[in-house]
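Asks: Chains A and B are the protein sequences, given in the same order.
Just so you know, the numbering used here puts 12 at position 12 of the first sequence, and the rest follows in order with no gaps.
In the numbering used here, each residue's number is its place in the second sequence (first place is 1) plus 41.
Every residue gets a Cβ at the ideal spot worked out from N, C-alpha and C, and that includes glycine.
For clarity, every value in this text was computed on a predicted model and none was experimentally measured.
Got a structure for you, questions after.
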Amino acid sequence: QDESASELREELNRVNSENKLLTEKLATVYQNYYALHHHLE
Amino acid sequence: MDYDPNTNPFDLHFSGKLPKKEVSDSSSADVKPKWLVKDDEVSLLQEELNRVNSENKKLTETLARVCEKYYALQDLLKELQSPEHVKFQNQKLTKKRKQDLDDFVSSPVGLSCGPTIEKITSEKATVSTAYFHTEKSDTSLTVKDGYQWRKYGQKITRDNPSPRAYFRCSFSPSCLVKKKVQRSAEDPSFVVATYEGTHNHPGQHASVSRTVKLDLVQGVLEPVEEKKERGTIQEVLVQQMASSLTKDPKFTAALAAAISGRFIEQSRT
Chain A
1 QDESASELRE
11 ELNRVNSENK
21 LLTEKLATVY
31 QNYYALHHHL
41 E
Chain B
42 MDYDPNTNPF
52 DLHFSGKLPK
62 KEVSDSSSAD
72 VKPKWLVKDD
82 EVSLLQEELN
92 RVNSENKKLT
102 ETLARVCEKY
112 YALQDLLKEL
122 QSPEHVKFQN
132 QKLTKKRKQD
142 LDDFVSSPVG
152 LSCGPTIEKI
162 TSEKATVSTA
172 YFHTEKSDTS
182 LTVKDGYQWR
192 KYGQKITRDN
202 PSPRAYFRCS
212 FSPSCLVKKK
222 VQRSAEDPSF
232 VVATYEGTHN
242 HPGQHASVSR
252 TVKLDLVQGV
262 LEPVEEKKER
272 GTIQEVLVQQ
282 MASSLTKDPK
292 FTAALAAAIS
302 GRFIEQSRT
């Protein structure tokens, strides 16, 4: 059980980090999208 | 514009690049109750992992959608900036101007100088734009549109270095038509006149229309030649009116009745 909990924590860490990167990328793309949209207007 | 075209939001294979750091397992290290059995801890971790995975999925989907729109906009921008598109737009504009010019000249009220007219009709007022060809070296604005105007303002706009002059119809306040005149920013060989409203009186024919001249420094200018021209115009107008009225049988009858009525009144007194 100790081993199972450890693996889960590791996986949770990994997915959390991935989520953080996804959120940052999404923010960047949103910003670029609206800048481009504004430019085209 | 502040955007980074090198952004590659589809690069989602970054999980292998992530640093392998341990969970700051505060729930298990600091707050973890001693009575919590290992099964419960595994269950909670699994639940949290499911939640984070679901969030991860939603984020990935949203990112894909936004990226798709972003790339579509980028393609549109490239298309608009392509030399072929710019050339096409210029040709289209030239054709439109020529067509409008032909339409206006062939119309019964067309002026000999042939301005290009674009009309936008709204519920409140009719707005029309006319382009008048002018020499680039000519610093004054000359607009022959068949009506007389009174200037009431002038200002410089940010988008165009040439001054913009504002006019009211000389029949104001009975006629509320206004216009603004400015040299075209795109093509300085044209003067753009924008009209608001429709005249409630007839204008003068092109052959007898008065030339409205603006001196950009001194404001409204009336040179001697123009005064002479106006005098000639008035004479022509009077002759035309007299000619048309004498040909009108109703008018002659009404005139005869009025004169005879006046004679009768005088004979009574």
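(1) Could you check which residue in B:A298, B:Q122, B:G244, B:D228 has the C-alpha nearest to that of W190 of chain B?
(2) Which residues does DSSP list as the beta-bridge partners of N201 of chain B?
(3) Please list, in chain order, the chain B residues whose beta carbon lies closer than 8 Å to that of E47 of chain A.
(4) Do you know offhand how far L22 of chain A's Cα is from N97 of chain B's?
(5) Answer yes or no: does any C-beta atom of chain A fall closer than 8 Å to that of N94 of chain B?
(6) Within the same chain, show all residues whose beta-carbon is closer than 6 Å to that of N32 of chain A, passing over the 5 residues directly before and after it, in chain order.
(7) Does any residue of chain B bring its CB to less than 8 Å from the CB of E41 of chain A?
(8) Applying a beta-carbon distance threshold of less than 7 Å, which residues of chain B neighbour A5 of chain A?
(9) For the candidate residues B:A226, B:C108, B:N131, whose alpha-carbon lies nearest to that of R199 of chain B?
(10) Short check: CB of S230 of chain B to CB of K196 of chain B, under 8 Å?
(11) Straight-line CA distance for N201 of chain B to V232 of chain B?
(12) In terms of residue numbering, what span does the beta strand (DSSP E) encompassing H174 of chain B cover?
Replies: If we stick to the structure as given:
(1) Checked all of B:A298, B:Q122, B:G244, B:D228; the closest Cα to W190 of chain B is B:G244.
(2) Within the DSSP secondary-structure output, N201 of chain B pairs in a beta bridge with B:T198.
(3) What the structure shows of chain A is the stretch from 1 to 41, and residue 47 of chain A is not part of that stretch, so it cannot be assessed.
(4) 8 Å
(5) yes
(6) none
(7) no
(8) K79, E82, V83, L86
(9) B:A226
(10) no
(11) The straight-line gap from Cα to Cα measures roughly 12 Å.
(12) 167 to 174
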